[in-house]
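The structure under discussion appears below in the form of structure tokens.
There are 2 protein chains.
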Amino acid sequence: MDHLKLDNQLCFPLYATSRMITRIYQPLLEKLDMTYPQFLVMLVLWEHKKLTVGQIGKKLFLNTNTLTPLINKLIDKKYILKNRSLEDERIVFISMTKAGKELQKSASGIPECIVNASGMSADDIQTMKILMDKFLENASRNYYLESQN
Amino acid sequence: MDHLKLDNQLCFPLYATSRMITRIYQPLLEKLDMTYPQFLVMLVLWEHKKLTVGQIGKKLFLNTNTLTPLINKLIDKKYILKNRSLEDERIVFISMTKAGKELQKSASGIPECIVNASGMSADDIQTMKILMDKFLENASRNYYLESQN
DNA sequence: ACTATTTTTGTCGTGTACGATATAATCTTA
DNA sequence: TAAGATTATATCGTACACGACAAAAATAGT
Chain A
58 MDHLKLDNQL CFPLYATSRM ITRIYQPLLE KLDMTYPQFL VMLVLWEHKK
108 LTVGQIGKKL FLNTNTLTPL INKLIDKKYI LKNRSLEDER IVFISMTKAG
158 KELQKSASGI PECIVNASGM SADDIQTMKI LMDKFLENAS RNYYLESQN
Chain B
58 MDHLKLDNQL CFPLYATSRM ITRIYQPLLE KLDMTYPQFL VMLVLWEHKK
108 LTVGQIGKKL FLNTNTLTPL INKLIDKKYI LKNRSLEDER IVFISMTKAG
158 KELQKSASGI PECIVNASGM SADDIQTMKI LMDKFLENAS RNYYLESQN
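Chains as they are written, first to last, in our numbering: chain A, 58 to 206; chain B, 58 to 206.
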């Protein structure tokens with residue numbers, strides 16, 4: 058039963074590390090009054106300006122049942138806006154407010170802080186990223202549900 | 058602002074992959090009537106037979122505010138037991154029931170399923186595990202709170 | 001045109017995570 | 001040995017995740 062030992066598992070350190078990262082981000086993001094998942098929504102919007110709820114979900118691998126409440130919180134904070142499409146009334150476009158755009162400057166140093174906090178070499182970080190992207194691509198091909206595509 | 062692009066981040070694929078793994082486990086663990094975090098508790102108990110709540114928490118990097126309700130659910134399912142220590146009444150020992158022990162056999166094939174589902178080579182899996190363990194060790198040294206030690 | 005299906009977003013219930021706080025038992029130390 | 005600090009566990013409130021389902025708009029097929 059060796060493969061049932063915690064130390065022999067890949068999934069567990071992955072799960073623990075992911076939570077650890079949220080914890081490392083927390084004090085930095087607290088200054089911007091947001092959580093890590095909220096920060097991820099801001100990231101894609103800083104890059105793409107205007108996206109539908111579904112497009113954001115596809116980029117973050119999140120369904121609307123998670124995304125909608127999360128977006129509503131960012132709207133309450135006046136960082137983003139909702140606009141229903143005129144051509145297709147089902148579609149909701151999300152875009153940044155002025156306040157939201159201005160946050161980007163304050164946030165620009167955050168990713169570097171995390172890398173430093175991890176104490177990993179640039180090489181190790183790069184390798185991890187490549188492997189993680191590969192894992193994610195493989196797994197999402199098989200396990201990312203159609204309902205979300 | 059390149060380091061603010063989603064594609065350039067390490068943390069995001071880590072977060073997404075961790076969730077993806079829970080999703081891959083879900084149909085397999087459903088047959089054992091448990092969730093992934095509940096499975097992790099079972100893993101450490103299959104290995105160590107009898108542990109305090111705090112010892113389980115230290116191994117899984119989980120505080121009692123997460124662990125207690127999770128443990129209570131496994132007790133409801135009759136997989137584990139609580140026993141208060143006689144020498145120190147604050148301490149609660151957790152151990153397996155017969156039914157809990159018997160689950161180990163049914164669970165023994167699960168980790169392999171996950172590796173297969175990931176479509177990664179054994180080498181890549183090994184490298185990921187080494188790097189993840191390293192990241193976790195570094196990060197936990199700095200961010201795992203004293204209250205949990 | 002009209003019904004059935006699909007698409008897009010949203011709501012609801014359950015189960016983690018985790019900070020803040022509570023509570024009871026033990027230990028410290030004056 | 002009694003007050004104060006510490007330790008182990010538990011409770012509470014907030015915020016994700018996600019399966020199941022709902023609702024409204026658009027599209028397809030007849």
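Cβ atoms here follow ideal geometry from the backbone N, Cα and C, with glycine treated the same way.
For clarity, every value in this text was computed on a predicted model and none was experimentally measured.
If distances are taken between C-alpha atoms only, which option among the options comes closest to residue i?
i, options, result
"residue 128(B)", "110(B), 143(B) and 117(B)", "110(B)"
"residue 164(B)", "85(B), 67(B) and 64(B)", "85(B)"
"residue 130(B)", "117(B), 157(B) and 144(B)", "157(B)"
"residue 137(B)", "145(B), 103(B), 118(B) and 115(B)", "103(B)"
"residue 120(B)", "113(A), 76(A) and 161(A)", "76(A)"
"residue 192(A)", "199(B), 177(B), 183(B) and 62(B)", "177(B)"
"residue 80(B)", "94(B), 189(B) and 68(B)", "94(B)"
"residue 194(A)", "183(B), 64(B) and 190(B)", "64(B)"
The alpha helix (DSSP H) spanning residue i covers which residue range?
i, result
"residue 96(B)", "93-105"
"residue 77(B)", "68-87"
"residue 111(A)", "110-117"
"residue 124(B)", "121-133"
"residue 65(B)", "From DSSP, residue 65(B) is part of no alpha helix (DSSP H); its letter is neither H nor E."
Measure the C-alpha to C-alpha separation of residue i and residue j and round it to an integer number of angstroms.
i, j, result
"residue 87(B)", "residue 149(A)", "35 Å"
"residue 141(B)", "residue 90(B)", "26 Å"
"residue 101(B)", "residue 126(A)", "35 Å"
"residue 78(B)", "residue 117(A)", "15 Å"
"residue 180(B)", "residue 146(B)", "48 Å"
"residue 204(A)", "residue 66(B)", "Bear in mind that a pLDDT of 38 at residue 204(A), under 50, signals an unreliable position, so the number given afterwards is only what the model happens to contain. Their Cα atoms are separated by approximately 26 Å."
"residue 71(A)", "residue 196(A)", "14 Å"
"residue 173(A)", "residue 83(A)", "15 Å"
"residue 162(B)", "residue 122(B)", "30 Å"
"residue 175(A)", "residue 68(B)", "11 Å"
"residue 97(A)", "residue 144(B)", "49 Å"
"residue 62(B)", "residue 168(A)", "10 Å"
"residue 189(B)", "residue 199(B)", "15 Å"
Within the continuous beta strand (DSSP E) that includes residue i, where are the two ends?
i, result
"residue 138(A)", "137-141"
"residue 152(B)", "149-153"
Closer than 6 Å by C-beta to residue i: which residues in its own chain qualify, once you throw out the five before and the five after it? Chain order, please.
i, result
"residue 208(A)", "Missing from the structure shown is residue 208(A); chain A here goes from 58 to 206 and no further."
"residue 202(B)", "Any answer about residue 202(B) is weak, because its pLDDT of 49 lies below 50 and its placement is not dependable; what the coordinates show is given next. Contacts found: none."
"residue 99(B)", "none"
Take residue i and list the residues in its own chain whose beta-carbon comes closer than 7 Å to its own, dropping the five residues that flank it on each side.
i, result
"residue 135(A)", "154 and 156"
"residue 187(B)", "none"
"residue 114(A)", "120, 121, 124 and 205"
"residue 170(B)", "85"
"residue 59(A)", "65"
Among the residues of its own chain, which have a CB less than 8 Å from the CB of residue i, if the five just before and after it don't count?
i, result
"residue 132(B)", "138 and 139"
Task: Runs of alpha helix (DSSP H) wholly within the stretch 155-180 of chain B (minimum 4 residues, chain order) - done: For the stretch 155-180 of chain B, the continuous alpha helix (DSSP H) assignments of 4+ residues that do not extend past its boundaries occur at 155-164 and 167-175, in sequence order.
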